[in-house]
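Working notes, structure below.
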Amino acid sequence: MSGMIKVGYLIPLLPLIGFLINGLGRNFLSKRLVGIIGSGVLVLSFVLSLFIFNEVTASGFTSQVVYLFDFIKTAGLDIPFAFQFDQLSALFLLVITGIGSLIHIYSTAYMHEESEAHYARYFAYLNLFVFFMLILVLGSSYVTMFIGWEGVGLSSYLLIGFWFTNNNYNNAAKKAFVMNRIGDLGFLLAIFWMLSQFGVITYTGVFEKATTASVSVITGITLLLFVGAMGKSAQIPLYTWLPDAMAGPTPVSALIHAATMVTAGIYMIARSNVLYSLAPISQNLVAIIGVSTALLAATIALKQNDIKKVLAYSTVSQLGLMFLALGVGAYTAGVFHVMTHAFFKALLFLGAGSVIHAMHHEQDIYKMGGLRKKLPITHFTFLIGCLAIAGIPPFAGFFSKDEILTAALEKNIIYYVLGVITSLMTAFYMFRMYFLTFHGNFRGTDDQQHHLHESPAAMTFPLVVLALLSIVGGWVGIPAVFMENAHRLSNYLSPVFAASHHKTAHQSISHSMELAIMAGVVALIAISIFAAKTMFAKEGLSEEKSSGFGKLLENKWYVDEIYDTIIVQPINHLSSFSSRIIDNKIIDGTVNGVGKILQFSARQFRLLQSGQVGSYVLIMVVSIILFFIFQLFWNI
Amino acid sequence: MPIHYYIFLSLCLFSIGIVGVLTRRNAIVIFMCIELMLNAVNLLLVAFSRMHQAAAYAIDHTSMAGAEAQLFVFFIMVVAAAEVTVGLAIIVMLYRNIHSVDINFLNRLKH
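These protein sequence lines map, in sequence, to chains A and B.
Residue 309 in my numbering sits at position 320 of the first sequence; the count goes up by one each step and never skips.
The number in my numbering is simply the position in the second sequence, starting from 1, with 99 added.
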């Protein structure tokens, strides 16, 4: 153990301290102080993460496990609480603390309207979230990961329902929590199965023993793990909570529901790459679920009018693409897209937050328009974000998405075609939103138009930084077509994925072929952007009623309604049945019945206590005689 | 005399005692009936003791087996005397409190 890794535990500890200070001192700390503490601990963690990243990238570095204490230690079961520092966790550390710092800084301005106690509560929750997220990525065993996993679920619940006076927001928070529980059950079962099968739960122990286990066991475990990932990373069928989670403050959506927490599922599968490589069935399922989620969410995003809902469905869609990458065995591409997606999606959410801030909490893009002159920095950075997510070179999204699509093409052409369709739709709906928001004429009220203003520096600074990252972020993974051996991320992550049959990028397709495909896709994307421009960048546009298929998309394929009918309603009926019949009649009846019987018999027996000495004596004599009779005749 | 004479006598005394306890309301009479039952038992004890001693003597002229029961009877009589004083004291207190020795007035436990 060397250098900074020894004090690596400080990285999650600092946000915890921030949480305690802000949470306990929420009634007497000033907003300024709360902002400084909340953001300061994150910046410190980020600096520590940079040092650790520096050590991890040094040559000859091998994965290090830092033991902290015993979490559970009994005969036959030993679960230490330890942190694992390796290439994968160091990369996630940078993303979480880096983007987390920017979003904390952004929040100091965005949340400034809140009262002091709520302001401090907000930062306390945000710090708590970062703490658990860091536990999640640093843990050296599935149990430690699960602690963080549950913790981020809790923080997510608290932050979605941050404005708890609005009951719709509370319902959204509960929905997110319950849907995550479904996934968590799968994760928990996988942990139990691994414990009973292997007897250990640390990553190194499990991966070592996994090679000797039967394929069906590994398949079962990986499928259960994937159920957990489905819940946390919002995949079919457990994705409907994420769009509703937009009820939380916009920076929360950026940090938790776009950049970090929802990528926990990808982290988990990338971490378990050894297991997934042993279970081809699970891999295929991951790819199928991923690509169908990507497609479904992209179609829904085409017809959404709430600026945050578009971004939410776009997030679900991009997460689907990441799962596609993991499913086809391109783990590096998946992690790469996590990173670039964190940059541009955080940028887009924060940009949307800036717009919402300027528009006084108006979120309908049909009530915006022409904002580019009033919000120049937001407009410019938002445009960069849109270009990055659309996959226009040389922005970050191009490289990661291209790598995923190439890996998909090598595996199965259907994955590839669906992935390309998703990308085209992504470009279309992102630019639909962009043109509706920033071009055309202003469609809001006069009052809103009068108050339009660019956001303060604390909000534009993170936008600019993230815009820069969205431009250069992809350059760590330049494919071999352009430059040999320039995929620095792949080289960096190779030790993590060394044990699995990891697909190195671009192996079976010739370079000229690949270039041609790449150019074709980029041209198609450009066409869909121009289509969006001609349709939505004109003056005097108003929202039109859609019908038929458009209405189906507008209503999100009626998935929420279907879930309501086939799951929620039957459960409600079952619950009310249990409440009325089983609880009230059977259980209460039994308990009350016992009481009634006792009361009744007591009333009868009470007559025996007459107070007449003679009657007591009579009972005594009769009883003795009866005893004698029994003794004589039955000889008991 | 045969042993069953004593047994019948004891049985009669004991039954008279029980019937007296059950039927009479005067505390002193009940008390006397209890003494009657006690003495019935004492009589039986002495009778059986004598029977056992006679049987043992017929086999071995030096044996005193069974004689100890006669000593126990004295103990019982002493204890009974102590019990009588306590019982009579209670009855005296009873009389002082309710000016009666009728046990049917002693039903306050009911309330």
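Idealized CB from N, CA, C, for every residue including glycine.
Mind checking if residue i is an interface residue toward chain B, Cβ cutoff 8 Å exclusive?
i, result
"residue 620/A", "no"
"residue 599/A", "yes"
"residue 663/A", "This structure does not reach residue 663/A, given that chain A is present from -10 up to 625, and the question cannot be answered."
"residue 583/A", "no"
"residue 578/A", "no"
"residue 167/A", "no"
Comparing alpha-carbon positions, which option in the options lies nearest residue i?
i, options, result
"residue 88/A", "501/A, 36/A and 128/A", "36/A"
"residue 452/A", "151/A, 561/A, 368/A and 307/A", "368/A"
"residue 176/B", "150/B, 166/B, 159/B and 144/B", "144/B"
"residue 114/B", "614/A, 623/A and 85/A", "614/A"
"residue 606/A", "185/B, 119/B and 153/B", "119/B"
"residue 118/A", "85/A, 104/A and 132/A", "85/A"
"residue 248/A", "296/A, 301/A, 487/A and 207/A", "301/A"
"residue 229/A", "251/A, 241/A, 210/A and 213/A", "251/A"
"residue 150/B", "197/B, 133/B and 163/B", "163/B"
"residue 288/A", "594/A, 59/A, 410/A and 597/A", "410/A"
"residue 128/A", "182/A, 147/A and 53/A", "53/A"
"residue 13/A", "112/A, 95/A, 61/A and 83/A", "112/A"
"residue 98/A", "448/A, 203/A and 199/A", "448/A"
"residue 427/A", "406/A, 553/A, 365/A and 508/A", "365/A"
"residue 109/B", "124/B, 141/B and 126/B", "141/B"
"residue 110/A", "337/A, 566/A and 20/A", "20/A"
"residue 504/A", "471/A, 520/A and 92/A", "471/A"
"residue 34/A", "82/A, 10/A, 43/A and 593/A", "82/A"
"residue 549/A", "595/A, 168/A, 181/A and 480/A", "168/A"
"residue 285/A", "220/A, 305/A and 380/A", "305/A"
Examine chain A for any beta-carbon lying closer than 8 Å to the beta-carbon of residue i, and answer yes or no.
i, result
"residue 120/B", "yes"
"residue 205/B", "yes"
"residue 190/B", "no"
"residue 115/B", "no"
"residue 106/B", "no"
"residue 175/B", "no"
"residue 202/B", "yes"
Measure how close the beta-carbons of residue i and residue j come, nearest whole angstrom, since I'm counting them as under 8 Å.
i, j, result
"residue 373/A", "residue 243/A", "About 15 Å; that fails the 8 Å criterion."
"residue 303/A", "residue 423/A", "At roughly 12 Å, the Cβ-Cβ gap does not stay under 8 Å, so residue 303/A and residue 423/A are not in contact."
"residue 4/A", "residue 116/A", "4 Å"
"residue 222/A", "residue 254/A", "3 Å"
"residue 217/A", "residue 257/A", "7 Å"
"residue 641/A", "residue -2/A", "For residue 641/A there is no data in the structure shown, the boundaries of chain A being -10 and 625."
"residue 260/A", "residue 77/A", "6 Å"
"residue 280/A", "residue 313/A", "5 Å"
"residue 283/A", "residue 150/A", "Going by Cβ atoms, the distance from residue 283/A to residue 150/A rounds to 28 Å, so no, they are not a contact pair."
"residue 413/A", "residue 514/A", "6 Å"
"residue 338/A", "residue 458/A", "About 14 Å separates the two Cβ atoms, so there is no contact after all."
Output yes or no for whether 8 Å exceeds the beta carbon distance between residue i and residue j.
i, j, result
"residue 90/A", "residue 144/A", "no"
"residue 297/A", "residue 542/A", "no"
"residue 346/A", "residue 444/A", "yes"
"residue 68/A", "residue 130/A", "yes"
"residue 431/A", "residue 342/A", "no"
"residue 271/A", "residue 212/A", "yes"
"residue 25/A", "residue 79/A", "no"
"residue 463/A", "residue 385/A", "yes"
"residue 395/A", "residue 498/A", "yes"
"residue 132/A", "residue 74/A", "no"
"residue 319/A", "residue 392/A", "yes"
"residue 199/A", "residue 267/A", "yes"
"residue 190/B", "residue 139/B", "no"
For the region 449 to 509 of chain A, list the alpha helix (DSSP H) runs that are entirely contained and at least 4 residues long, ordered along the chain.
-> 477 to 482
If you scan the region 281 to 348 of chain A from start to end, which runs of the alpha helix (DSSP H) of 4 or more residues do you find wholly inside it?
-> 296 to 316 and 320 to 347
Contained alpha helix (DSSP H) runs [length at least 4] in the region 540 to 575 of chain A, N- to C-terminal order
548 to 552 and 558 to 566
Practice prompt. Any chance you could list the beta strand (DSSP E) runs of at least 3 consecutive residues sitting entirely within the region 44 to 85 of chain A, in chain order?
Written response: 53 to 63 and 66 to 74
**OP:** Return the chain-ordered ranges of every alpha helix (DSSP H) run that is complete within the region 119 to 168 of chain B and spans a minimum of 4 residues.
**Re:** 126 to 158
Quiz item: Which runs of the alpha helix (DSSP H) fall wholly inside the region 2 to 50 of chain A and span at least 4 residues, in chain order?
Solution: 20 to 46
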